[in-house]
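Q:
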Amino acid sequence: MDDLSHFTESAVKNLPPLPSQSSHIPAGRYPVESTLLDRIRAVKLFAESHDQGFASDISAGNWTWFELAILENDAATAPKVTKDGVELVWTSHPNRIKSSKYGWEAGGTFSSERDLLNFLEARNVIAVRICARFLGWKIFAANGYLLFDISDREVNRRSIKYGPIIDRITTIDETLQRVNKDMGVGLLPPISPAVKTANVIEKGGNEPPLRVLSFDGGGVRGMSSLYLLKAVMDRAYPDKKPCDVFDMIGGTSAGGLIAIMLGRLRMNVQQCIDAYDEFMKDVFDHWKITQWTKVAFTGTFYDDAPLVNAVKKILRNQGMKEDEPLLEENESLLGEVQAHRCKVFVMAVQSKAANNREPMFLRSYQNPLKESEIPNIKIWEAARATSAAPYYFKPIQVGRYELVDGGLGANNPLGWLWTEVLGVYGASRKTQSFLSIGTGIPANTPVSITNFASIATNSEITHSLFHSLINAFAPEPLAKKYWRLNVAETDWVEEKCFWAVKWGKVEHHEVDNFRDPGELDDLEALKRFIVATEKYIADNAKLFDECAEGLKNVA
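Numbered by this note's numbering, the letters in the sequence shown go through residues 45 to 599 in order.
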């Protein structure tokens, strides 16, 4: 395409005055005529505007912006919708934030490489929409120019089909909601209606494929997750950190702390193993009988002070401030993804609504489709919140929210990771690898009211659901892109029979069950479980080789 560098703010300032009440050019709507349509090379909006002039917390995002929409004709009052149900609306640019003075801002350039011009038909209208979301946010616009670059010859157009993308999204969304209904609790996330806009559907289509990583909760057994990840990284990228390989890392409970250390603190895996080992000893190295006595009086096994101090020690050892915010600097509004920056989220739930509210995202970035409830949360607060397992630690109060471990709502956060990828990176962004790492398959749990929490936090339910869905329906379908690593120890029972009594032998019978991997704080059981983890890695070398190859083969 020819150079479009003339689409600049300085060029706009040299344009003739805008139509006014005294102008001979009448204001109004001007449908695109067929004689002009095929020669439009690009469209770009420039606007002179400002917002309400204040914001309580700019880290919560900028919620005023400009959009371009295609209307069916000059009588239409709503954006055109494709037969697949996609609203033809695109974000142009964010408004000036926390400013009471007018200033010029430029939108993105919509050339023929973008979908807007390829959807434009004769007699359609391109509308400029000024948008403000949430109470108190306002947008003021004094002037604006919608610039068109017109060629002297026809410009080739592409046929755009959103149907296959919408079908994939709809299939996954319906499956998520069906599981929620069958389980009787909202364990899995709904997909935002905003996904079905052209802005989100188109977004990311020309970007490199994503690699995303998900960590389950599991207390001290998070060490097993790190061993599993190290086995993959040693094969795929022995000299790289996970934050330099994965675009997004999500985690819950212990997995949340690990996600923070690897993604936000930018540790390599061995550094994380060493830090996590020290962390566990600082927090959990106590006599259990003492802890049972303590829970009888206080309601929790452990004080939270050692946990908080252990997290802050990790921060200091990484050369960071103890009150470092979780949100990274320079994370911009509306999903303008910062290059080569690993994004991290951890999950917690509100203590008073753990059974009927979706988990709360604590992010190192801004999601353009959803406001962060606690945008200024500190790293140690996020780590403390996602680790606040009931009966082990008290809830933590952050702002107006009382938070506990997100394990009940999302012990395996893969479902939430999927919807987060859609919102942040766009529905057209290809995904090369989904790697989900567990903390051990638990022993069988009878279905009963008292055991419901164990069932609800069973990460293998989410794994079973997403194993086929992601491979079949994610961008680049029918190519393997999902790997699940999770240690399972087969259980054994000992039965003394006649020959055992006579000869002193014990007969072992393998049963359809798994050995209990240990409690969240059981450091002794962890020793056995690490041995099982190393055996799992050795016995599944082919699986780890395939996972590493899938991680390396980025198109």
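Note that the Cβ used here is the ideal one computed from N, Cα and C, for glycine as well.
In terms of alpha-carbon separation, which member of Leu257, Glu368 and Phe110 lies closest to Gly243?
A: Correcting the residue type first, residue 243 is Asn in the shown sequence and not Gly. Ranking the options by Cα distance to Asn243, first place goes to Phe110.
Q: Ends of the alpha helix (DSSP H) at Lys356?
A: Unbroken alpha helix (DSSP H) run through Lys356: Ala349 to Asn361.
Q: Report the residue from Thr577, Arg528 and Pro253 whose alpha carbon sits nearest the alpha carbon of Lys474.
A: Pro253
Q: From Lys142 to Pro412, what does the alpha carbon distance come to, in whole angstroms?
A: 18 Å
Q: What are the partner residues of Tyr189, as DSSP defines its beta bridges?
A: Phe90
Q: Is the separation between the beta-carbon of Ile421 and that of Val393 shorter than 7 Å?
A: no
Q: Given a cut-off of 7 Å, decide if Ala319 and Ile358 are closer than it, judged by their beta-carbon atoms.
A: yes
Q: Please return the same chain residues whose Cβ sits closer than 6 Å to the Cβ of Gly262, not counting the five positions on each side in sequence.
A: Ala298 and Thr483
Q: Please classify His137: is it buried, with 16 or more other beta-carbons within 10 angstroms of its beta-carbon, or exposed?
A: buried
Q: Run through DSSP, which three-state label would Glu149 get?
A: For Glu149, the three-state secondary structure derived from DSSP is strand.
Q: Name, in chain order, the residues that DSSP records as bridge partners for Asp95.
A: Ile183
Q: Roughly how many whole angstroms lie between the Cα atoms of Leu89 and Ala119?
A: 22 Å
Q: Kindly indicate the opening and closing residues of the beta strand (DSSP E) around Thr79.
A: From DSSP, Thr79 is part of no beta strand (DSSP E) but of the alpha helix (DSSP H) over Ser78 to Leu81.
Q: Between Phe345 and Ala432, what straight-line distance do the alpha-carbon atoms span, to the nearest angstrom?
A: 11 Å
Q: Alpha carbon to alpha carbon, how far is Ser203 from Leu132?
A: Approximately 15 Å, taken between the alpha carbons.
Q: Would you tell me roughly how many angstroms separate the C-alpha atoms of Ser408 and Ala303, rounded to the nearest one?
A: 11 Å
Q: Assuming Gln314 is part of the alpha helix (DSSP H), what are its boundary residues?
A: Val313 to Phe328
Q: Between which residues of its own chain and Phe542 is the CB-CB distance below 7 Å, once the five residues before and five after are set aside?
A: Any reading at Phe542 needs caution, since the residue's pLDDT is 43, under 50, leaving its predicted position unreliable; the model's value is listed next. Here the set comprises nothing.
Q: Pair every Cβ in the region 119–129 with every Cβ in the region 188–196, then say whether three or more of these pairs are closer than 8 Å.
A: no
Q: Among the candidates Leu370, Glu116, Met391 and Gln410, whose CA atom is the shortest distance from the CA of Pro681?
A: With the chain covering 45 to 599 only, the question about residue 681 has no answer from this structure.
Q: If you follow the beta strand (DSSP E) that Glu446 is part of, which residue opens it and which one closes it?
A: Tyr445 to Asp449
Q: Do you know how far the Cα of Lys525 is from the Cα of Gly248?
A: 18 Å
Q: Quick one: what does DSSP say Gly266 is sitting in, helix, strand or coil?
A: It is helical.
Q: Select from Glu218, Val56, Lys145 and Ser103 the residue whose C-alpha is nearest the C-alpha of Gly97.
A: Lys145
Q: Can you pull the DSSP bridge partners for Asn411?
A: Lys414
Q: Is it right to say Ala166 is buried, meaning 16 or more other beta carbons lie within 10 angstroms of its own, or is it exposed?
A: exposed
Q: Sort Lys182, Ser78 and Gly152 by Cα distance to Ser93 and report the nearest one.
A: Per the Cα distances, Lys182.
Q: So what does Cys526 bridge to, in DSSP terms?
A: With the sequence shown as reference, residue 526 is identified as Tyr, and Cys is not the correct amino acid for it. For Tyr526, which the question treats as bridged, DSSP gives the partners Phe478.
Q: Measuring alpha carbon to alpha carbon, tell me which of Pro439, Ala122, Tyr469 and Lys205 ends up nearest Cys386.
A: Ranking the options by Cα distance to Cys386, first place goes to Tyr469.
Q: Which first and last residues belong to the beta strand (DSSP E) in which Val256 is found?
A: Leu254 to Phe259 is the span of the beta strand (DSSP E), which, as asked, contains Val256.
Q: Going by DSSP, name the residue or residues bridged to Ser155.
A: Ala86
Q: Between Ser480 and Glu246, how many whole angstroms is the CB-CB distance? I'm expecting something under 8 Å.
A: The Cβ separation is near 28 Å, so there is no contact.
Q: Identify every residue that forms a DSSP beta bridge with Thr241.
A: Glu131
Q: Beta-carbon within less than 7 Å of Leu115's beta-carbon, same chain only, minus the 5 sequence neighbours each way: which residues are those?
A: Excluding positions up to five away in sequence, the list reads Pro123, Lys124, Asn168, Val169 and Ala171.
Q: From which residue to which residue does the beta strand (DSSP E) around Trp109 run?
A: Thr108 to Leu115
Q: Is the beta carbon of Glu38 sitting closer than 7 Å to the one on Ser395?
A: The displayed coordinates of the chain run from 45 to 599. Any statement about residue 38 would go beyond what the structure contains.
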